[in-house]
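Notes follow once the structure below has been shown.
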Amino acid sequence: MKTDLPQSFHRLAYRPPVYTFDQVELDIALDPARTIVKSRIEVIPSKSFEPGAPLELVGHELEFVSLRINGQAHRHFELTPETLTIHSLPNEGREKFVVEMICICVPEKNTTLMGLYVSNGNFFTQCEAEGFRKITYFLDRPDVMARYTVTLRAREEECPVLLSNGNLLSAEKLPNGWHSATWVDPFPKPSYLFALVAGKLKCIEETITISSGAKKLLQIWVEPHDLKKTRHAMDSLIASIHWDEKRFGLELDLERFMIVAVSDFNMGAMENKGLNIFNTKFVFAQPETATDADFANIESVVAHEYFHNWTGNRVTCQDWFQLSLKEGLTVFRDQEFSADQMGSESGRAVKRIEDVRLLRQLQFPEDAGPMAHPIRPDEYQEINNFYTVTVYEKGSEIVRMYQTLLGKDGFRKGMDLYFQRHDGQAVTCDDFLAAMADANGKDLNEFKNWYSQAGTPRVHVQEHYDAVKKQYQLTLTQSCVPSPGQPEKKPFYIPLKIRLLTRSNDQSEQLLELTQVTQTWTFDNIPDRPVLSINRNFSAPINLDFEQSEADLLALFSSDDDAFNRWEAGQKLAMQMILNNRLPDAELIEAYRNLLLDPELDPAFKELALTLPADSYLYEQCASVDPQQIFNARRAFRREIAKQLQLEWAALYQQMQTPGPFKSDGVDAGKRALKNLALSMLLDAAPSIWAPMAANQYHIADNMTDRYAALSALVVHGAKAAKDCLIDFHNRFANDALVIDKWFGLQASRPPVDGLESTLVEVRKLREHPAFKLNNPNRVRSVIHSFCANNPASFHQADGSGYEFWADSVLALDPINPQVAARLARALDRWRLFAQPYQDRMKVALERVSTYQTLSSDVREVIGKALGN
Ligand code: TRP
Ligand code: ZN
798 MKTDLPQSFH
808 RLAYRPPVYT
818 FDQVELDIAL
828 DPARTIVKSR
838 IEVIPSKSFE
848 PGAPLELVGH
858 ELEFVSLRIN
868 GQAHRHFELT
878 PETLTIHSLP
888 NEGREKFVVE
898 MICICVPEKN
908 TTLMGLYVSN
918 GNFFTQCEAE
928 GFRKITYFLD
938 RPDVMARYTV
948 TLRAREEECP
958 VLLSNGNLLS
968 AEKLPNGWHS
978 ATWVDPFPKP
988 SYLFALVAGK
998 LKCIEETITI
1008 SSGAKKLLQI
1018 WVEPHDLKKT
1028 RHAMDSLIAS
1038 IHWDEKRFGL
1048 ELDLERFMIV
1058 AVSDFNMGAM
1068 ENKGLNIFNT
1078 KFVFAQPETA
1088 TDADFANIES
1098 VVAHEYFHNW
1108 TGNRVTCQDW
1118 FQLSLKEGLT
1128 VFRDQEFSAD
1138 QMGSESGRAV
1148 KRIEDVRLLR
1158 QLQFPEDAGP
1168 MAHPIRPDEY
1178 QEINNFYTVT
1188 VYEKGSEIVR
1198 MYQTLLGKDG
1208 FRKGMDLYFQ
1218 RHDGQAVTCD
1228 DFLAAMADAN
1238 GKDLNEFKNW
1248 YSQAGTPRVH
1258 VQEHYDAVKK
1268 QYQLTLTQSC
1278 VPSPGQPEKK
1288 PFYIPLKIRL
1298 LTRSNDQSEQ
1308 LLELTQVTQT
1318 WTFDNIPDRP
1328 VLSINRNFSA
1338 PINLDFEQSE
1348 ADLLALFSSD
1358 DDAFNRWEAG
1368 QKLAMQMILN
1378 NRLPDAELIE
1388 AYRNLLLDPE
1398 LDPAFKELAL
1408 TLPADSYLYE
1418 QCASVDPQQI
1428 FNARRAFRRE
1438 IAKQLQLEWA
1448 ALYQQMQTPG
1458 PFKSDGVDAG
1468 KRALKNLALS
1478 MLLDAAPSIW
1488 APMAANQYHI
1498 ADNMTDRYAA
1508 LSALVVHGAK
1518 AAKDCLIDFH
1528 NRFANDALVI
1538 DKWFGLQASR
1548 PPVDGLESTL
1558 VEVRKLREHP
1568 AFKLNNPNRV
1578 RSVIHSFCAN
1588 NPASFHQADG
1598 SGYEFWADSV
1608 LALDPINPQV
1618 AARLARALDR
1628 WRLFAQPYQD
1638 RMKVALERVS
1648 TYQTLSSDVR
1658 EVIGKALGN
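As numbered in this note's numbering, residues 798 to 1666 make up the sequence shown, in order.
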């Protein structure tokens, strides 16, 4: 029977488990068509137990075979499609009893990539958040932590390698060509951290010695032909291990740590205890096939998953509403790690700018749209929909604010207390806040609103300078527009780093704590009217409502000592002009020129400073979006920068060459970034003159960054050479799936070009390409997502054709992989922000999808919330 109202889960409905698990033994006989899972679970009553309570397990798409309790066949149970409820427990459940079960699943038919599935003939699992229930009936919730012993069996010829969490206890040959391996994980863990991998894989390995003197075995498992692509991931892992010891005193707690790469994966990677499973995209890197961005992403994802070993695994979440407890904190840790790896203060600033840019392009729109939720949501229909930029990236900003308020040492004290109190436990965001507050003797009660309220706060800035009294007054007023279910907001606790920039340069940086709706600060002995530099280094995730004059913004852009705010001033100037349909004036061009010529500045910073705000960020500044108008205004603005500075771009293109052997470090990567921006600017200024240089760079490049950037410049500018280079690129890399993803992605994200066929027509062709596969998430993202989410000017067509393509794609994907379909479904989240005819056309597409009776709960939630049901 189908109910019309979707089921919701509520944070406040949390109840501790009635029973919990002690030892769990799994015996899994792997067969793609029929995997037999035998489980033996020691069940014990928990604190909230009451005699006679049934044991309620969950399962999903399992074939149930048998149930025994304390060695006896047991018949007192009820089976529904999602539950197994066991009654008449020995001694009414008062003491430990043993449940033994057999069930069967079909990995080769599993296209959802949750639970146990097959990819390229090998077996993998993905259990977070609720995939374990597709392997056996279980208490599949993060607050049930058990010790696992896992025996894997398989035919040795098909599966020579058998991996699971923890340490290898034994391996055996079995009759009929089968073999087995038994793994023991010494640490209690929730089921979402369970993993197994089996198949024809090989590893690179390294033994390292950590500070305590202990030796650790590190392995990266891949298909044999990919072994040569794993060096960078291994280096990143080693650096992560050392960093976590040094910065947080956190040691690797297992003798062995394994990473496995798989080409079919819903997300980036997964932190299963001792056996991280990664999307190949975040493991494989060689200069010829991976860009500088790929190298940096691999470093940060490897670090992220490794850091989860403490923030997520040793201390885990009580329930899924607390997801940001592990994700926000772990993103913060990986951001800090990557910043430290940059090796210089300016490198840190570059990393900060990149992180904030991502937050504003993706999270700010989410926080203003129909799926807006606090970093600790109160309600969800499908937990998979809550692995969001809000939980991750805004969550990281909330953690960063503790460090801003408490200082680096205070933050470390809070972390130490958090682990001292909660190691081995499943806890809440409140517990984290309490550890930070208690370790520092600071009242952080008002800080809680960051966890409970959605929406990006807006801070209005009003300043007054009294030249006679030499006094400066700053009044800050905060507000936050309603979000779903939250009509009114309480004030946020907002740490704002400021500096008053005066001619005498005598004012140092200060931290203001805005905790009320309005507060005024008075500064005495300010000799001349200062230029305010506020929210330095983006100390709080807010929008500023500050009418700063163009002259002040230009001053900040030229000389603010806070690199982030220097960048920010440039973004704001450009944004205001683009939104007013203006071209850059002579003063701004001059400021750009000076910045480009400044020998003191990092090339990577210059590249960021000359890159204009993304369309999606510009949309958020408008009451009603005309996407074509914004695209054209931005393009005209950019073309003007390209033309006016053509000489400088040409000179930079030469100066930023990186001769000699390829290095993937931040310094060379920064030079390549600026050089390739110069190349793209040159093609923007005069395509016919500069296209041959791009084609030449394409052909002679010894690394993917340069080859891809040249190809991209040719494609984006509709140069004649683009066609041949695209063919060449495909032929060169036909056997490398991740590079072919780039080939698809580049074509699908090409903006409209005069005289070329519309990108939608091209994308429809790409979907028919023999190498396109709807069941591979990377390929889907490279074609469909690139078009629907990263190509606004091609996607938003007045006739609604882009939206029809979107609807068709969501509907085609949903039966195969609801998680990936639901992510794509979110491309129309902000439909209400658009002007006509776009808005109505989007609504029609949303409504068409919503009428399908068989939608997954994932897609139903996204579409339902978009339409406001
Ligand atoms: N915990 C993982 C991470 O952030 C996220 C993740 C990986 C995930 N695969 C998933 C979440 C599948 C949901 C479904 O590192
Ligand atoms: Zn994570």
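Glycine included, every Cβ here is placed at the ideal spot set by N, Cα and C.
As the structure is a prediction and not an experimental result, all values here were calculated from the model.
To the nearest angstrom, how far is it from the Cα of residue i to the Cα of residue j?
| i | j | result |
| --- | --- | --- |
| LYS835 | GLY912 | 15 Å |
| ILE866 | VAL1099 | 42 Å |
| VAL1196 | SER1121 | 10 Å |
| HIS873 | ALA826 | 27 Å |
| LEU959 | VAL1059 | 15 Å |
| ASP1091 | ASP1175 | 35 Å |
| MET798 | THR880 | Residue confidence for MET798 is low, a pLDDT of 42 falling below 50, so the modelled location carries little weight; the figure read from the coordinates is stated next. Near 16 Å, if we compare the C-alpha coordinates of THR880 and MET798. |
| LYS986 | GLY963 | 11 Å |
| GLU1244 | THR909 | Contrary to the premise, residue 1244 reads as Phe rather than Glu in this sequence. The alpha-carbon atoms of PHE1244 and THR909 are separated by roughly 38 Å. |
| ALA1388 | ALA1406 | 11 Å |
| LEU1155 | GLY868 | 55 Å |
| GLN1441 | LEU1449 | 14 Å |
| GLU1048 | SER1037 | 11 Å |
| TRP1364 | PHE1530 | 37 Å |
| THR1299 | ASP1359 | 14 Å |
| GLU1260 | TYR1269 | 7 Å |
| ALA1087 | ASN1575 | 15 Å |
| TYR945 | PHE1134 | 31 Å |
| THR800 | THR1651 | Its pLDDT being 48, under 50, THR800 is placed unreliably in this model, and the coordinates cannot settle the point. |
If I'm right that residue i touches residue j with Cβ under 8 Å, what's the distance once you round it to whole angstroms?
| i | j | result |
| --- | --- | --- |
| SER1009 | ASP1399 | About 37 Å; that fails the 8 Å criterion. |
| ILE1074 | ALA1030 | Between ALA1030 and ILE1074 the Cβ distance is about 13 Å, and since that is not below 8 Å, they are no contact. |
| MET1233 | GLY1211 | 4 Å |
| PRO1615 | VAL1656 | 6 Å |
| GLU1190 | VAL1128 | 6 Å |
| HIS996 | GLY1071 | Here the sequence assigns Gly to residue 996, which means His is not the residue at that position. GLY996 to GLY1071, Cβ: 18 Å. No contact. |
| ASP1503 | ARG1469 | 6 Å |
| LEU1479 | GLN1443 | 7 Å |
| ARG1547 | VAL1512 | 5 Å |
| GLN1275 | LEU1311 | 6 Å |
| VAL1550 | PHE1584 | Contact flag wrong, Cβ pair sits at about 15 Å. |
| ILE1172 | TRP1247 | 7 Å |
Does the distance from the CB of residue i to the CB of residue j come in under 8 Å?
| i | j | result |
| --- | --- | --- |
| TYR1416 | LEU1630 | yes |
| PRO1381 | ILE1331 | no |
| ASP937 | GLU927 | yes |
| GLU1163 | VAL1186 | yes |
| LEU965 | LYS999 | no |
| VAL994 | TRP1018 | yes |
| VAL915 | PRO829 | yes |
| GLN1119 | CYS1226 | yes |
| ALA1618 | SER1653 | yes |
| TYR1649 | LEU1610 | no |
| ARG891 | PRO848 | yes |
| GLU853 | THR882 | yes |
Quick check on this structure: which residue in the options has the alpha carbon closest to the alpha carbon of residue i?
| i | options | result |
| --- | --- | --- |
| PHE861 | GLU875, GLY849, GLY868 and VAL1646 | GLU875 |
| MET1490 | ALA1506, MET1501 and GLY1665 | ALA1506 |
| ARG1627 | ASP940, GLU853, MET1168 and THR1113 | MET1168 |
| LEU859 | THR877, CYS900 and GLU847 | CYS900 |
| ASP1605 | ALA1622, TRP1018, LYS1245 and LEU1511 | ALA1622 |
| ALA1667 | PRO1288, SER1280 and LEU1309 | This structure gives no information on residue 1667, because the portion of the chain shown stretches from 798 to 1666. |
| ASN1334 | ASN1322, ALA1366 and VAL1314 | ALA1366 |
| PHE806 | ILE1180, GLN1115, CYS902 and ASP1235 | ILE1180 |
| ILE1005 | ARG1053, LYS1026, THR979 and LYS1043 | ARG1053 |
| ASN1391 | ALA1352, ASN1378, ILE1375 and GLN1425 | ALA1352 |
| GLN1304 | LEU1311, PRO1324 and LEU854 | PRO1324 |
| LEU1271 | GLN1313, TYR1248, THR1317 and THR1408 | THR1317 |
Could you tell me whether the Cβ of residue i comes closer than 8 Å to any Cβ of chain B?
| i | result |
| --- | --- |
| PRO829 | Protein chains in the displayed structure number just one, and chain B is not present. |
field: Completely contained alpha helix (DSSP H) runs for the stretch 1186-1237, where each covers 4 or more residues
entry: 1192-1219 and 1226-1237
- Give, in chain order, every unbroken run of the alpha helix (DSSP H) that is at least 4 residues long and sits entirely within the stretch 1537-1618. 1556-1565, 1574-1577, 1583-1587, 1589-1592 and 1598-1610
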